[in-house]
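Asks: Mind looking over this structure? Questions follow.
Residue numbers (our numbering): 6 to 813.
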């Protein structure tokens with residue numbers, strides 16, 4: 006658990022108070038009324054025509070997307086509310102290139118952009134571990150306090166410091182308003198889902214405004230995927246004069262979200278092992294699955310029993326358990342608690358110069374118990390041994406259990422994270438030789454402290470729990486779950502480490518407007534990330550010596566946008582970032598590995614019509630990561646092995662990942678009548694290990710080649726019962742995703758493609774209230790929404806949510 010978050014927060018707030026005290030009490034000379042207020046703070050885009058045609062995230066400027074040489078996707082508050090989205094997971098349907106990350110255990114958000122890891126930010130500041138930060142914290146980000154979503158594709162370390170290869174998901178938070186407004190919302194849905202939210206904002210004085218948002222949500226969840234969440238977001242905005250704006254925001258979030266690590270598992274029937282090879286499960290006969298020397302010896306009747314249990318697709322796709330789940334009562338939901346406080350000061354120095362600095366303290370803790378492993382072995386020739394125990398069908402006292410789960414493991418994890426970030430930025434705009442320049446200088450520093458401790462509990466296949474193991478699950482279709490609590494069984498400590506991460510850097514960006522409607526962005530930077538890792542877990546020998554690592558180097562981001570026509574622009578961009586070594590994870594080092602570099606190259610076209618209310622963009626991209634770690638095939642620590650060799654590094658660092666593809670985004674935001682979001686992605690993502698031998702995987706695990714979505718809604722012109730009636734809905738399509746793992750006997754398995762249809766019916770009264778009905782999966786499609794480790798998490802069947810909103 007955290008040691009002194011309150012002390013750290015008080016120290017930070019004290020420093021900020023000293024920095025800003027002169028501003029709060031000085032008599033600043035007011036700027037001339039006719040002068041423009043030049044500020045760096047353009048996160049909230051105001052005006053209907055700019056909500057989908059301007060963004061802060063790509064260049065920290067609020068520039069028109071038509072003149073931004075980068076791929077950016079936007080989901081507005083109106084779009085998210087229309088879809089009934091409550092979490093970040095709900096929002097990804099609106100963003101091209103954004104998807105669930107492959108090999109997802111159902112822990113936290115874990116998203117990917119263009120097949121690469123993601124950084125999450127609130128208003129440009131850290132929103133919890135993810136991407137290069139791993140996912141141990143299991144943070145599930147809600148949309149309660151989110152005004153809009155801006156997704157920048159590609160590395161952005163020149164502006165945001167520690168960053169992931171895929172890009173940034175920036176959640177722009179709601180702010181105090183100068184005009185009083187009050188809103189109450191409540192909703193009810195299937196699986197005992199219900200929630201309520203209160204949003205109050207307005208002026209406290211001529212110079213001070215406030216906002217308070219509070220919400221609660223509970224759900225039993227489909228397949229016991231429970232959720233319980235309470236949130237509070239207070240904020241204050243103080244404008245002592247035209248030149249200064251001070252913003253204080255805080256957040257408290259307590260949530261419990263059940264973890265579903267297994268979903269529906271793939272039965273381990275290895276078609277490479279049949280005799281002859283590649284006999285599908287539905288065609289197999291006794292001669293195709295013979296016994297072998299050294300492995301489990303089955304009778305002919307038992308082998309026939311296995312064959313009779315097989316269904317088409319076994320070994321190649323998840324086994325359909327219907328509405329059943331493998332969420333054991335021994336598990337416990339992720340219980341997370343987050344406290345966040347931010348302070349921002351914007352200072353207009355002149356009509357062409359502005360300064361801003363902002364800081365955040367964030368504290369997060371979580372703990373959970375989840376299952377992992379739990380494999381159903383049917384037939385596998387592993388290293389020339391057929392059905393080598395325990396990787397074999399389960400036989401107890403001569404009785405075969407063809408649907409048994411073996412090697413089940415329960416993992417308990419406690420995770421704590423403290424972080425402090427500080428950014429200072431100065432911007433100056435000027436003209437020189439018929440060109441306009443907007444120069445942004447950035448410096449930042451941050452400190453993060455992570456504490457992770459884990460325990461594991463096993464079934465009888467692992468000797469570490471031999472004193473009191475959990476029982477085998479004899480039939481995954483109707484599990485015989487263990488009783489009691491995790492702590493009642495013979496668990497062992499499996500991890501216990503702390504890590505301090507210190508990062509700092511500088512960046513310089515020049516956005517140049519040239520004649521002939523050409524915009525050039527040139528950005529460079531340098532950062533350094535120092536990590537100190539102390540492993541407190543050891544069973545034999547001396548206490549391991551703490552390990553340190555350092556990642557440092559130059560970054561760049563460059564691009565050109567050309568408005569070849571008033572409504573059409575072409576752009577080309579290139580960026581390079583650095584992804585630090587396992588920011589939250591454990592570290593095993595025998596030497597200092599090279600930095601993992603990320604690169605992004607893209608070319609595209611953008612169009613705007615209807616005064617910016619229709620925005621279209623399309624891009625071709627190539628994104629990659631280099632210097633990835635993987636196990637060295639020449640390293641063998643088994644003294645009895647003929648290939649015993651511990652003189653080489655256990656790992657190599659020359660692996661890489663690469664994704665190539667194209668994206669399309671269309672937004673129409675005529676809120677009085679029409680709202681349209683259309684996006685599509687085609688990508689080809691591959692991972693390469695041991696390049697010297699040319700070992701290249703097929704499609705990257707969990708990453709579909711094709712996914713697309715469209716949402717259309719229309720408000721009828723004639724009034725209905727004195728109010729407005731809105732009709733609409735959307736279609737989502739996701740291509741098949743790989744979930745194979747050759748080390749577990751599954752050479753080629755997939756989560757099948759799917760298409761779902763949703764609908765919306767909304768009535769806005771002429772007074773102060775509205776009612777909205779969201780119907781999800783109208784065709785009751787059976788599908789897997791998430792590709793997991795050797796399995797898939799089923800998506801929700803037909804369901805509906807009714808939302809009542811009142812403004813007063």
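Glycine included, every Cβ here is placed at the ideal spot set by N, Cα and C.
Using DSSP with H/G/I as helix, E/B as strand and the rest coil, what is residue 30?
Replies: Note on residue 30: pLDDT 37, under 50, position unreliable in the model; the coordinate value appears next. Here residue 30 sits in helix by DSSP.
Asks: Can you tell me which of the three DSSP states residue 730 falls into?
Replies: Three-state DSSP puts residue 730 in a strand.
Asks: With a cut-off of 8 Å on the beta carbons, I'd call residue 284 and residue 296 a contact; round off their distance for me.
Replies: Their Cβ separation, rounded to whole angstroms, is 16 Å, which puts residue 284 and residue 296 out of contact at 8 Å.
Asks: Can you list the beta strand (DSSP E) stretches of 3 or more residues lying completely in the segment 718 to 792, in chain order?
Replies: Qualifying beta strand (DSSP E) stretches, in chain order: 729 to 739, 759 to 769, 774 to 781.
Asks: Going by DSSP, which residues form a beta bridge with residue 657?
Replies: According to DSSP, which records beta bridges pairwise, residue 657 is partnered with 635.
Asks: Where do the ends of the alpha helix (DSSP H) carrying residue 308 lie?
Replies: 305 to 314 is the extent of the alpha helix (DSSP H) around residue 308.
Asks: Assuming residue 385 and residue 396 are in contact, meaning their beta carbons sit under 8 Å apart, how far apart are those beta carbons, in whole angstroms?
Replies: Right, their Cβ atoms sit about 6 Å apart.
Asks: Would you mind working out which of 497, 468, 793, 647 sits nearest residue 416, comparing C-alpha positions?
Replies: When each option's Cα is compared against that of residue 416, the closest is 497.
Asks: Residue 327 to residue 655, Cα distance in whole Å?
Replies: Roughly 42 Å between the two C-alpha positions.
Asks: Quick one: complete beta strand (DSSP E) runs, 3+ long, within the segment 166 to 219?
Replies: Here the runs fully enclosed are 172 to 178, 186 to 194, 198 to 208.
Asks: Have a look at the DSSP bridge pairing and note the partners of residue 239.
Replies: Paired residue(s): 217.
Asks: Using 8 Å for Cβ pairs, my map puts residue 684 next to residue 84. What's the rounded Cβ distance?
Replies: Contact flag wrong, Cβ pair sits at about 11 Å.
Asks: Going by DSSP, which residues form a beta bridge with residue 809?
Replies: Answer is 191, 776, bridged to residue 809.
Asks: Mind checking whether residue 282 and residue 157 have CB atoms under 8 Å apart?
Replies: Not in contact: residue 282 and residue 157 (Cβ atoms no closer than 8 Å).
Asks: So, are the CB atoms of residue 706 and residue 744 less than 8 Å apart?
Replies: Cβ distance < 8 Å, so residue 706 and residue 744 count as in contact.
Asks: Please say whether residue 604 and residue 516 have beta carbons closer to each other than 8 Å?
Replies: Against a cut-off of 8 Å, the Cβ pair of residue 604 and residue 516 comes out as no contact.
Asks: Following the continuous alpha helix (DSSP H) through residue 96, name the residue where it begins and the one where it ends.
Replies: Here the alpha helix (DSSP H) through residue 96 covers 93 to 96.
Asks: Express the C-alpha separation of residue 508 and residue 107 in angstroms, rounding to a whole number.
Replies: Distance between the alpha carbons of residue 107 and residue 508: 28 Å.
Asks: In its own chain, which residues sit with a C-beta less than 6 Å from the C-beta of residue 38, not counting the 5 before and 5 after it?
Replies: Low per-residue confidence applies at residue 38: pLDDT is 43, beneath 50, and the placement is therefore not dependable enough to give any value.
Asks: Would you call the segment 332 to 339 in contact with the segment 260 to 278, where contact means no fewer than 3 C-beta pairs closer than 8 Å?
Replies: Flag = yes, the segment 332 to 339 and the segment 260 to 278 touch.
Asks: For residue 638, count the other beta carbons within 10 Å of its own beta carbon; 16 or more makes it buried, fewer makes it exposed. Which is it?
Replies: Exposed: under 16 other Cβ atoms inside 10 Å.
Asks: Which residues does DSSP pair with residue 712 in a beta bridge?
Replies: Residue 712 pairs with 686, 739.
Asks: Between which two residues does the beta strand (DSSP E) carrying residue 261 extend?
Replies: 249 to 262 is the span of the beta strand (DSSP E), which, as asked, contains residue 261.
Asks: For residue 569, is the classification buried or exposed, using 16 other Cβ atoms within 10 angstroms of its Cβ as the cut-off for buried?
Replies: Looking at its Cβ environment, which holds fewer than 16 other Cβ atoms inside 10 Å, residue 569 is exposed.
Asks: Can you tell me the Cβ-Cβ gap for residue 561 and residue 551, rounded? I've got them flagged as a contact below 8 Å.
Replies: With a Cβ gap of about 33 Å, residue 561 and residue 551 do not count as contacting.
Asks: Between residue 405 and the rest of its own chain, which residues show a CB-CB distance below 8 Å, the 5 nearest in sequence each way excluded?
Replies: The answer, listed in chain order, is 303, 307, 310, 311, 398, 399.
Asks: Report buried or exposed for residue 642, applying the criterion of at least 16 other Cβ atoms within 10 angstroms of its Cβ.
Replies: Flag for residue 642 reads exposed.
Asks: Buried or exposed for residue 488, going by 16 or more other Cβ atoms inside 10 Å?
Replies: Flag for residue 488 reads exposed.
Asks: By Cβ distance below 6 Å, which residues in the same chain neighbour residue 775 in space, the five residues on each side in sequence not counted?
Replies: Only 769, 810 meet the Cβ criterion.
Asks: Is there contact here, the segment 357 to 375 with the segment 420 to 432, by at least three beta-carbon pairs under 8 Å?
Replies: Result yes; three or more Cβ-Cβ pairs closer than 8 Å.
Asks: In whole angstroms, what is the alpha-carbon distance linking residue 450 and residue 235?
Replies: Answer to the nearest angstrom: the Cα atoms are 31 Å apart.
Asks: Work out the CA separation of residue 674 and residue 783 for me, nearest whole Å.
Replies: So the two alpha carbons sit approximately 25 Å from each other.
Asks: Do you know offhand how far residue 727's Cα is from residue 807's?
Replies: So the alpha carbons of these two residues sit roughly 21 Å apart.
Asks: Count the other CB atoms, across all protein chains shown, that sit within 10 Å of the CB of residue 571; report buried if there are 16 or more and exposed otherwise.
Replies: Per the 10 Å Cβ criterion, exposed.
Asks: Inspect the beta-carbon positions of residue 742 and residue 709 and report whether they are closer than 8 Å.
Replies: The answer is yes: Cβ separation under 8 Å.
Asks: Do you know how far the Cα of residue 553 is from the Cα of residue 454?
Replies: For residue 454 and residue 553, the distance between alpha carbons rounds to 14 Å.
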